[in-house]
Amino acid sequence: VIDNEDMKRARPVKQIAFKFQAEGIETILKDVEWSISGHHYTPVAIVETVHLMGSNVSRASLANPNLIHDLKIKIGSEVFITKRGDIIPKIEYVIKIPSDAKEIPIPSICEVCSTPLINEGTQLYCPNELCPKRAYYRLTKWIKKLNVKHFSKKLLIKPLFDSGKIKTITDLYRLKVSDLTKLDGVKETSAKKALNNLNAINSIPLAKFIGGFAIENIGEDMVQKVVDAGFDTFEKIKKASSFQISQVEGFADISAHQLTEGVSRLYPQMKAVLDINKIIIEVKKEMGEKLKDMTFCFTGKLETMKRAEAEQMVKDNGGQSRSGVSKNLTYLVTNSTEPTAKYNKAQEQDTKIITEEEFLKMIE
Numbered sequence: 153v154i155d156n157e158d159m160k161r162a163r164p165v166k167q168i169a170f171k172f173q174a175e176g177i178e179t180i181l182k183d184v185e186w187s188i189s190g191h192h193y194t195p196v197a198i199v200e201t202v203h204l205m206g207s208n209v210s211r212a213s214l215a216n217p218n219l220i221h222d223l224k225i226k227i228g229s230e231v232f233i234t235k236r237g238d239i240i241p242k243i244e245y246v247i248k249i250p251s252d253a254k255e256i257p258i259p260s261i262c263e264v265c266s267t268p269l270i271n272e273g274t275q276l277y278c279p280n281e282l283c284p285k286r287a288y289y290r291l292t293k294w295i296k297k298l299n300v301k302h303f304s305k306k307l308l309i310k311p312l313f314d315s316g317k318i319k320t321i322t323d324l325y326r327l328k329v330s331d332l333t334k335l336d337g338v339k340e341t342s343a344k345k346a347l348n349n350l351n352a353i354n355s356i357p358l359a360k361f362i363g364g365f366a367i368e369n370i371g372e373d374m375v376q377k378v379v380d381a382g383f384d385t386f387e388k389i390k391k392a393s394s395f396q397i398s399q400v401e402g403f404a405d406i407s408a409h410q411l412t413e414g415v416s417r418l419y420p421q422m423k424a425v426l427d428i429n430k431i432i433i434e435v436k437k438e439m440g441e442k443l444k445d446m447t448f449c450f451t452g453k454l455e456t457m458k459r460a461e462a463e464q465m466v467k468d469n470g471g472q473s474r475s476g477v478s479k480n481l482t483y484l485v486t487n488s489t490e491p492t493a494k495y496n497k498a499q500e501q502d503t504k505i506i507t508e509e510e511f512l513k514m515i516e
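Quick note: the sequence shown uses my numbering, first residue 153, plus one each step.
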């Protein structure tokens, strides 16, 4: 029997999903190449070519060093591969390992800057914030983060970087039309359009600014949590200790260290961008205090607004939003009395449960 009310939930609790076994085939692992994207090293399996689901397959995903370890896979192993989502070839398991199979070497040194790589199991990466590979990735991330139109990675960023014309984000703002028209396939009209689009963006939020510098595992959303926790200026974040950041929801010791260390190493570059007076960090608007020192978690469907809008209301009134129910939560906001996991947990720990209407009355 289908429960129509349950089906309206983002994650139905009474439904069961059946997955059909993916079509696969056996082959031999011939070698492993390490693909470098930005500063991340990802293992790619080179296999004996087989025909699978309408195409020839000679390469397959090995995901990360953890998978290599978990599969106990070696070069020469007989393996079973499928196409995840009917598209991406992936090694699912090892069928047989011959006696002469060889261990898969895992890189330990960055091939660009010679810095020892960090192997976290789920990812292998170069930690050097100043590594040229990371520098290039940072340039592309900045353009993407600011959504600069017509600033092509292939036609502009890569040739400018390869020629040494740009190495840091600051260099982007020193470019002239003549620098771009010297590149193959770039005409004056396109060059002017690209630079005009870049320079048209002259103020951005603090979280977007720091998030645009591509610090390891620290995106805009993570920085926003720090801003919401009271570190709402560039100088406050720069001066914050790893311990202070680790107390912010969503952070742990490692991620807190990554943020503080990343900002410390990149501070000269960040300051240089601000010093050229092409970009300023938006001043945080004054917030109300009706919800000061209160935390809210929204669950289920809201009638008058989207969840993101409700969370913004909390922020605008001095409160903080949470994604889950924890012991420090002040209110769980829901229009339903269905015994969901969040609802039950809130009841167990005596967290006050209010409706959307009651929430709105709090900020009238």
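The beta carbon of each residue, even a glycine, is placed where N, CA and C say it ideally should be.
With distance defined between alpha-carbon atoms, name the residue in the options nearest to residue i.
i: Ser342; options: Leu307, Val246 and Asn496; result: Leu307
i: Leu332; options: Thr320, Phe303, Ile321 and Thr322; result: Phe303
i: Thr447; options: Ile428, Glu413 and Phe511; result: Phe511
i: Ala408; options: Val231, Ser393, Gly337 and Glu516; result: Ser393
i: Lys226; options: Ile515, Gly237 and Ile243; result: Ile243
i: Ser207; options: Lys479, Lys235, Thr507 and Leu223; result: Lys235
i: Ile261; options: Trp186, Ile309 and Leu312; result: Trp186
i: Gly237; options: Gly176, Lys494 and Glu413; result: Gly176
i: Phe450; options: Leu411, Pro195, Met465 and Glu263; result: Met465
i: Ile258; options: Asp445, Gly273 and Ser251; result: Gly273
i: Glu200; options: His191, Tyr193 and Asp183; result: Asp183
i: Lys285; options: Ile431, Ser475, Ile188 and Asp502; result: Ile188
i: Glu255; options: Leu181, Leu276, Leu204 and Asn280; result: Leu181
i: Gln501; options: Asn480, Thr486 and Val485; result: Asn480
i: Ala462; options: Ser478, Glu490, Gly440 and Val485; result: Val485
i: Val202; options: Gly440, Ile233 and Asp384; result: Ile233
i: Lys391; options: Gln410, Ile406 and Val415; result: Val415
i: Tyr325; options: Met457, Ala493 and Lys430; result: Lys430
i: Gly363; options: Ser315, Asn487, Ile321 and Gly382; result: Ile321
i: Lys458; options: Phe386, Glu508 and Thr385; result: Glu508
i: Leu223; options: Ile249, Leu204 and Met205; result: Ile249
i: Cys283; options: Tyr495, Leu335, His221 and Gly190; result: Gly190
i: Asn271; options: His221, Ile506 and Glu434; result: His221
For residue i, which beta-bridge partners are listed by DSSP?
i: Tyr289; result: None; Tyr289 has no bridge partner.
i: Trp186; result: Pro195
i: Leu276; result: Tyr193 and Asn271
i: Gln499; result: Paired residue(s): none; Gln499 is not in a bridge.
i: Leu181; result: Val199
i: Cys449; result: Leu484
i: Val209; result: Val202
i: Gly176; result: Thr234
i: Ile432; result: Ser355
i: Ser473; result: Phe448
i: Ile227; result: Lys254
i: Tyr245; result: Phe232
i: Ile506; result: Val485
i: Ile370; result: Ile367
i: Ile397; result: In DSSP, Ile397 forms no bridge with anything.
Measure the alpha-carbon distance for residue i versus residue j and round it to whole angstroms.
i: Asn216; j: Thr179; result: 20 Å
i: Leu214; j: Lys319; result: 32 Å
i: Gly471; j: Thr482; result: 10 Å
i: Ala197; j: Pro420; result: 40 Å
i: Lys453; j: Gln499; result: 19 Å
i: Lys504; j: Val329; result: 60 Å
i: Glu517; j: Asp323; result: The chain is shown from 153 up to 516; residue 517 falls before or after that span and cannot be answered.
i: Pro268; j: Cys278; result: 7 Å
i: Phe313; j: Tyr288; result: 7 Å
i: Ser210; j: Lys305; result: 28 Å
i: Pro311; j: Ala404; result: 39 Å
i: Ile309; j: Lys317; result: 10 Å
i: Gly337; j: Val300; result: 19 Å
i: Asn351; j: Leu358; result: 18 Å
i: Val379; j: Ile240; result: 38 Å
i: Ser478; j: Asn469; result: 21 Å
i: Pro195; j: Val264; result: 17 Å
i: Glu281; j: Val231; result: 37 Å
i: Lys444; j: Ile428; result: 37 Å
i: Phe383; j: Ser475; result: 20 Å
i: Glu387; j: Leu219; result: 41 Å
i: Thr492; j: Ser473; result: 19 Å
i: Ala253; j: Glu490; result: 56 Å
i: Ile506; j: Tyr495; result: 11 Å
Under 8 Å by Cβ, that's how I've got residue i and residue j pegged, so tell me the actual separation to the nearest angstrom.
i: Ile356; j: Leu426; result: At roughly 11 Å, the Cβ-Cβ gap does not stay under 8 Å, so Ile356 and Leu426 are not in contact.
i: Val246; j: Ser229; result: 5 Å
i: Phe365; j: Leu418; result: 5 Å
i: Met514; j: Lys442; result: 6 Å
i: Lys377; j: Glu413; result: Rounded, the Cβ-Cβ distance is 17 Å, inconsistent with contact.
i: Leu411; j: Ile353; result: Going by Cβ atoms, the distance from Leu411 to Ile353 rounds to 24 Å, so no, they are not a contact pair.
i: Asn487; j: Glu455; result: 6 Å
i: Leu276; j: His192; result: 7 Å
Give a yes or no on contact between the stretch 339–348 and the stretch 278–298, applying the rule of three or more CB pairs nearer than 8 Å.
-> no
The stretch 390–398 touching the stretch 363–375, judged by at least three CB pairs closer than 8 Å = no
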